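Here is the structure we will look at.
In the UniProt record's numbering, the protein residues as written are 1 to 208.
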């Protein structure tokens, strides 16, 4: 995964705390009311601040949404990274761990995932659309590189890396919809979902 880059971050601790407050309020509003209803006025009411304060820190709705996306995607990237004490031994293990952590993050941070989906689906401005597209392209490139490395070591099947990356990223975009099924069903589906993609590309696991 790769994050949209935010606007220039402010220097002071107080400014950073205020930006974080605004971003969290925006996430809450997006998740509950959707992109179209995420006005500065509504976000300000939710955060108990003035709309002018949002304009001061983010200048425009596109600027605010860039900040929100950068925050959410950064947290998602961190969640998907393997812990240092649990480094995978094989590429299939690494893929399985990444997807398992992604599925867990979708459950525990559903509001963030909903907000991210709203922004990506509803964004209108050309600058913002271009930023989202660049983020997707970088994420695809990173996944393609990972797949090619696994193939070079004989651990992934000889499948077209760009095709597999495209299908997997599309599936990751749809996976958060499963959150509404309840925790136990979510976990069961998550196991099947992870196995589906790992077994599809693994050249080293039995039964594949």
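Positions of the beta carbon are idealized from the N, C-alpha and C atoms, including for glycine.
These figures come from a predicted structure and were not determined experimentally.
In the structure shown, residue 202 falls within a strand segment according to DSSP collapsed to helix, strand and coil.
In the DSSP assignment, no residue is bridged to residue 13. Using a Cβ distance threshold of 9 Å, residue 82 and residue 67 do not count as a contacting pair. Counting C-beta atoms within 10 angstroms of its own C-beta, residue 71 has 16 or more neighbours from the protein chains shown and is therefore classed as buried. Contact between residue 38 and residue 114 is ruled out by a C-beta separation of about 12 Å, above the 8 Å threshold. The distance from the Cβ of residue 27 to that of residue 57 is about 15 Å, inconsistent with a contact at the 8 Å cut-off. Across the set 155, 199, 122, the C-alpha of 122 shows the shortest separation from the C-alpha of residue 65. Ranked by how close their Cα comes to the Cα of residue 174, the residues 150, 133, 131, 118 have 118 in first place.
Rounded to whole angstroms, residue 87 and residue 41 show a C-alpha spacing of 46 Å.
The residue from 155, 90, 201 with its alpha-carbon nearest to that of residue 167 is 201.
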